[in-house]
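To start, the structure itself, in C-alpha cells.
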Amino acid sequence: MSETPLLETRALTVRAAGRALVERLDWRVHGGERWCVIGRNGAGKSLVLRALAGLGVPAREGQVLWQGRAQQDWPVGTAATLRALMPQQAQDRFALTVERTLALSRVASSASVGDLSELMTALDIAPLAARRADQLSGGERQRVALAQCAVQGAALMLLDEPVSFQDPAHQQVVGRWLSEAATPARAWVASAHDPAWIGRVATHVLALSGDGAWQAGPASKILSAPVLERTYGCAWRNVEGTWLPA
Amino acid sequence: MTDTRGMSAPIALAPPRDRAVLRIAVLALATAVVAALALGLGAGGLDWQLIASLRAPRVAAAAGVGSLLALAGLGLQVLLRNPLADPYVLGHSTGASVGALVALLLGVQLWMGAAAGALVAGLALLWLARPALAVADDASPRLILLGAMLAALFGSVATLLLTLVPDQRLRGAIFWMVGDLSGAGASVWNLAGAGVFVAWLWARGRSVDRLMLGADAAWLLGEPVRRLRLELLLLASLAVGLAVATAGAIGFVGLVVAQGWRLAGVLRTRELAALTALSGAALVMAADLLARLVVAPLELPVGAVMSLLGAPCFIWFLVRGAK
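Going down the list, the sequences are from chains A and B. Residue numbering for the first sequence follows this note's numbering, beginning at 77 and increasing consecutively. Residue numbering for the second sequence follows this note's numbering, beginning at 7 and increasing consecutively.
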C-alpha cells in the first residue's frame, strides 16, 4: 500500500446544477484493487468518472492525480497509457466495424494487453468482429465498449456501467473478466447497481449519497444495511449472503 | 465490405492495403479517362489549339474544384461527426459567396474573401451546434437544420449584396451564385490546395479515424483533439473558399463523394482521402462535360447539373437512414 496509487483524489468536489454531488473526496486506488461506485440515479457517478478521466464536468474543485502527478500535468499522449474510460453510451456515427473500432483504440500501452482475440473471446464478442458497431444490440455494444477500454491497456480503467445492459449470463461473463483484470499494476473503477454482482467482483466500494457525502472502503464493509440504506434511500436485507431491497 | 477475414485474424494487422492500392489505381485511371473525354469532346472537336487554350484550363479548374469540395465534405463530416455534412448544405459555400462578393466590392482577392466567408460560416455553425456536439447526443437533424438556416441567411445577405454591386460587375458576381465553370481560368492553387488537404489527411490519417469515434474518445486515446479540429476547420474553409472563388457554390460534391465511399465500405481516412479527391475531380469534370454537351451549343451552369445529380443522392442517403 506504500507504492504510488494509480489514482488519487484530493478534496475533489463535483457539482451539477449548483448542487454538490460529491464533496471533498479524498480517495486512493492502488494496483490490484477493483472498485465499484454505487449511488442512486443522478448521484454523480458518471460525472465523477468523467472528472477522474480528465474530461469536462459542469463544475469541479480539488485535485485528481494519476500515478502521483496531477492529471493536467500529463501530456495527452501519456495520459492515454495511464487511464481509459468506458462511457455509459457509445456514440457511433460512422459505420465502423467492431474490429476497426477496437483497432483504433490501441495505443502505445496496448502491447501489454496481449492477444486481442483472447480478450474478444473472454468478453464473448469474437463473433461480432466483422459486424458494424452501430448496429449491435445494447448489450453487445456495451461489451465492445468494455473491450475498447481494455485494449487501450491503461493502468486504470474507468467503467461507466459496464453491465447495465447485460443479460444474467453475460453479467457473469463480464464479472469473471473484471475479476481477473486487476493485476498488481492495474486497477479499475466501475459504476454499478446490483449489490450481489458487486459483492462478487469488487474488492472495494465507493458509495455516493448524492448530497456530497461519500464513503469508501473494502466491499465487505461498505456493502452493509446502513450504507445501502443511506445510498439508495430504501431498506435492505441480506438473504443468504445476497443483498435485496426490502 | 472489404472485410471477409475470419474473426481469428489478428486485429490491426493485415489491413486490406492491397485492395486499397488497387482501388486508388483503378480510380486514378478512370479519372484520367474522364479528363481525356472532357478535353476531347465538345464543339470544335479535337483542335489542339482549342484544347490547350480553352478546354484544358476549364477541365483543370473542374478537377481542382471537385477535389476541394469533396475533401471539404469529408473534413466537415468528421469535424461535425455527421456523415450528412456538406459545405453546400451547411452554409459554408453560401458564406464563401458572401465573402467573395464583399471582396469584389472592396476590390481585394476573391479567394481570400471566399475563404474568410467559409471560415466565418464554419465557426458560426460550430458555435451554434456546440451544445449538441458537446453532449454528443444524436444531433444530426438539428445540425443539418442549423446549417440550412445559416445557408438561407447567408444566401439572403448575398442577394442583398448583389444589389450593391455595380452593373458592370454584376455578371461576374452572379457567376459565383450559380456555380459555373464557363468563365473559370486555370488555377494551380485549386489543385495545389487539394494536394495539401490530401497530404494533411494522409499524415493525420489515424488521428482523423479516431475523431470518428468521438471527440472525447479521441482525446482519451491521446489525440490533440482541439488542434486537429481547428486544422480540419481551417483546411475545409480554405478548400471551400478556393473552390467557390473559382466556380461559385457547386453543391453536393462534398456530400455524395465521401459518404458514397463510406457506404461502399471505405472507412480509413487515408484511403478515403485519396478516393474522395479523385472521384470529386472526376465527378465535377463529368458534370461540366454534361453541362457543355447536353443542350449544345448552349451551356448549363455546372452547379445546376450537380444539384440535379446530388439532391436525389442526398435524399437517398436520408431515406436509407445513413447516420
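Yeah, the Cβ is synthetic: ideal placement off N, Cα and C, and Gly gets one too. On a predicted model such as this, the values are computed, not experimentally measured, just so you know.
Coil, strand or helix - residue i by DSSP
{"i": "ALA249 of chain B", "result": "helix"}
{"i": "GLN55 of chain B", "result": "helix"}
{"i": "ALA294 of chain A", "result": "Correcting the residue type first, residue 294 of chain A is Pro in the shown sequence and not Ala. PRO294 of chain A: strand per DSSP, three-state reduction."}
{"i": "GLN139 of chain A", "result": "strand"}
{"i": "ASP173 of chain B", "result": "helix"}
{"i": "LEU240 of chain B", "result": "helix"}
{"i": "GLY81 of chain B", "result": "helix"}
{"i": "ARG219 of chain A", "result": "helix"}
{"i": "THR89 of chain A", "result": "strand"}
{"i": "VAL114 of chain B", "result": "coil"}
{"i": "CYS112 of chain A", "result": "strand"}
{"i": "GLY286 of chain A", "result": "coil"}
{"i": "PRO260 of chain A", "result": "coil"}
{"i": "THR279 of chain A", "result": "coil"}
{"i": "SER267 of chain A", "result": "strand"}
{"i": "ARG313 of chain A", "result": "strand"}
{"i": "ALA231 of chain A", "result": "coil"}
{"i": "ILE17 of chain B", "result": "Because the pLDDT at ILE17 of chain B is just 45, under 50, the model does not fix this residue reliably, and the value given afterwards should be weighed accordingly. In the structure shown, ILE17 of chain B sits in coil (DSSP, three-state: anything other than H, G, I, E or B)."}
{"i": "THR318 of chain A", "result": "strand"}
{"i": "ALA96 of chain A", "result": "strand"}
{"i": "LEU105 of chain A", "result": "Here residue 105 of chain A is Val; the residue named in the question, Leu, does not match the sequence. Looking at VAL105 of chain A - three-state DSSP - the assignment turns out to be strand."}
{"i": "VAL303 of chain A", "result": "helix"}
{"i": "LEU159 of chain B", "result": "helix"}
{"i": "LEU83 of chain A", "result": "strand"}
{"i": "ASP92 of chain B", "result": "coil"}
{"i": "ASP243 of chain A", "result": "coil"}
{"i": "ASP24 of chain B", "result": "helix"}
{"i": "ASP143 of chain B", "result": "The predicted model places ASP143 of chain B with a pLDDT of 43, which falls under 50 and marks its position as unreliable, so this point remains unresolved."}
Spatial neighbours of residue i in its chain, beta-carbon cut-off 8 Å, leaving aside the 5 residues before and after
{"i": "ALA310 of chain B", "result": "VAL184, GLY185, ALA297"}
{"i": "ILE274 of chain A", "result": "CYS112, ILE114, ALA268, VAL281, ALA295, LEU299"}
{"i": "ASP143 of chain B", "result": "Note on ASP143 of chain B: pLDDT 43, under 50, position unreliable in the model; the coordinate value appears next. Answer for ASP143 of chain B: no residue qualifies."}
{"i": "GLY215 of chain A", "result": "PHE241, GLN242, ASP243, HIS246"}
{"i": "ALA267 of chain B", "result": "Ala is not the amino acid found at residue 267 of chain B; the sequence shown has Trp there. Answer for TRP267 of chain B: LEU278, LEU281, THR282, SER285, listed in chain order."}
Euclidean distance between Cα positions of residue i and residue j
{"i": "ARG313 of chain A", "j": "ALA223 of chain A", "result": "35 Å"}
{"i": "ALA261 of chain A", "j": "MET233 of chain A", "result": "12 Å"}
{"i": "PHE323 of chain B", "j": "GLY229 of chain A", "result": "37 Å"}
{"i": "ALA258 of chain A", "j": "VAL262 of chain B", "result": "47 Å"}
{"i": "GLU229 of chain B", "j": "VAL152 of chain A", "result": "7 Å"}
{"i": "ALA278 of chain A", "j": "THR173 of chain A", "result": "32 Å"}
{"i": "ARG208 of chain A", "j": "SER193 of chain B", "result": "42 Å"}
{"i": "GLU137 of chain A", "j": "GLY286 of chain B", "result": "50 Å"}
{"i": "GLY316 of chain B", "j": "PHE258 of chain B", "result": "5 Å"}
{"i": "VAL265 of chain A", "j": "ARG159 of chain A", "result": "11 Å"}
{"i": "GLU79 of chain A", "j": "ARG235 of chain B", "result": "39 Å"}
{"i": "LEU88 of chain A", "j": "LEU284 of chain A", "result": "13 Å"}
{"i": "ILE17 of chain B", "j": "ALA166 of chain A", "result": "The predicted position of ILE17 of chain B is uncertain, since its pLDDT is 45 and thus under 50; a value taken from the coordinates is nonetheless stated next. Between ILE17 of chain B and ALA166 of chain A, the C-alpha separation is close to 20 Å."}
{"i": "LEU235 of chain A", "j": "PRO318 of chain B", "result": "43 Å"}
{"i": "GLY144 of chain A", "j": "PHE320 of chain B", "result": "52 Å"}
{"i": "ARG116 of chain A", "j": "ILE256 of chain B", "result": "53 Å"}
{"i": "VAL272 of chain B", "j": "THR157 of chain A", "result": "29 Å"}
{"i": "ALA158 of chain B", "j": "LEU278 of chain B", "result": "30 Å"}
{"i": "MET155 of chain B", "j": "GLN83 of chain B", "result": "18 Å"}
{"i": "VAL40 of chain B", "j": "GLY211 of chain B", "result": "28 Å"}
{"i": "ASP215 of chain B", "j": "THR275 of chain B", "result": "6 Å"}
{"i": "ALA135 of chain B", "j": "PHE160 of chain B", "result": "17 Å"}
Own chain residues within Cβ distance below 6 Å of residue i, not counting five before or after
{"i": "VAL239 of chain A", "result": "GLN247, VAL250"}
{"i": "ILE30 of chain B", "result": "ALA280"}
{"i": "VAL231 of chain B", "result": "ALA221, ALA224, TRP225"}
{"i": "LEU141 of chain A", "result": "GLU84"}
{"i": "ASP200 of chain A", "result": "VAL249"}
{"i": "GLN218 of chain A", "result": "PHE241"}
{"i": "PRO57 of chain B", "result": "A quick correction: the sequence has Ile, not Pro, at residue 57 of chain B. These residues qualify, in order along the chain: LEU45."}
{"i": "ALA102 of chain B", "result": "ALA120, GLY123, ALA124, VAL246, GLY247, VAL250"}
is_contact[residue i, chain C] using C-beta, thresh 7 Å
{"i": "LEU180 of chain A", "result": "Protein chains A and B are contained in the structure displayed, whereas chain C is not."}
7 Å Cβ shell around residue i - same chain, five flanking residues per side excluded
{"i": "ALA49 of chain B", "result": "ALA302, PRO303"}
{"i": "GLY46 of chain B", "result": "LEU52"}
{"i": "ARG118 of chain B", "result": "A small correction: the amino acid at residue 118 of chain B is Met; Arg does not occupy that position in the sequence shown. Counting only Cβ-Cβ distances below 7 Å, and skipping sequence neighbours, we find ALA109."}
{"i": "PRO81 of chain A", "result": "ARG104, VAL105, HIS106"}
Legend entry - Positions along the region 199 to 223 of chain B whose CB lies within less than 8 Å of some CB in chain A: Those residues of the region 199 to 223 of chain B placed with their C-beta closer than 8 Å to a C-beta in chain A are ARG212, ASP215, ARG216, MET218, LEU219, GLY220, ASP222, ALA223, ordered along the chain.
Inset, instruction - Could I get the ranges of all uninterrupted alpha helix (DSSP H) runs contained in the region 275 to 317 of chain B, with 4 residues as the minimum, in chain order? - result: Given a length threshold of 4 residues, each whole run of the alpha helix (DSSP H) inside the region 275 to 317 of chain B is given here in chain order: 275 to 299.
Inset, instruction - Ignoring anything shorter than 4 residues or poking outside the region 188 to 231 of chain B, list the alpha helix (DSSP H) runs there in chain order. - result: The region 188 to 231 of chain B contains these whole alpha helix (DSSP H) runs: 194 to 209, 211 to 217, 221 to 226.
Inset, instruction - Entirely within the region 141 to 209 of chain A and at least 4 residues each: give me those alpha helix (DSSP H) ranges in chain order. - result: Qualifying alpha helix (DSSP H) stretches, in chain order: 152 to 158, 174 to 180, 192 to 198.
Legend entry - Chain-ordered residues of the region 265 to 296 of chain B with a beta carbon less than 7 Å from chain A: The residues in question are ARG268, LEU273.
Legend entry - Residues, ordered as in the chain, of the region 259 to 278 of chain A that lie near chain B by beta-carbon distance below 8 Å: If the cut-off is 8 Å between Cβ atoms, the region 259 to 278 of chain A has nothing near chain B.
Inset, instruction - Give, in chain order, every residue of the region 109 to 120 of chain A whose Cβ lies closer than 8 Å to some Cβ of chain B. - result: Listed by position along the chain: nothing, the set is empty.
Legend entry - Residues within the region 67 to 101 of chain B neighbouring chain A, beta-carbon criterion of under 7 Å: Per Cβ criterion, the list reads ARG87, ASN88, PRO89.
Inset, instruction - Return the residues of the region 139 to 165 of chain A that lie within a Cβ-Cβ distance of less than 9 Å from chain B, sorted by chain order. - result: So the close ones are PRO151, VAL152, GLY153, THR154, ALA155, ALA156, THR157, ARG159, ALA160, LEU161, PRO163, GLN165.
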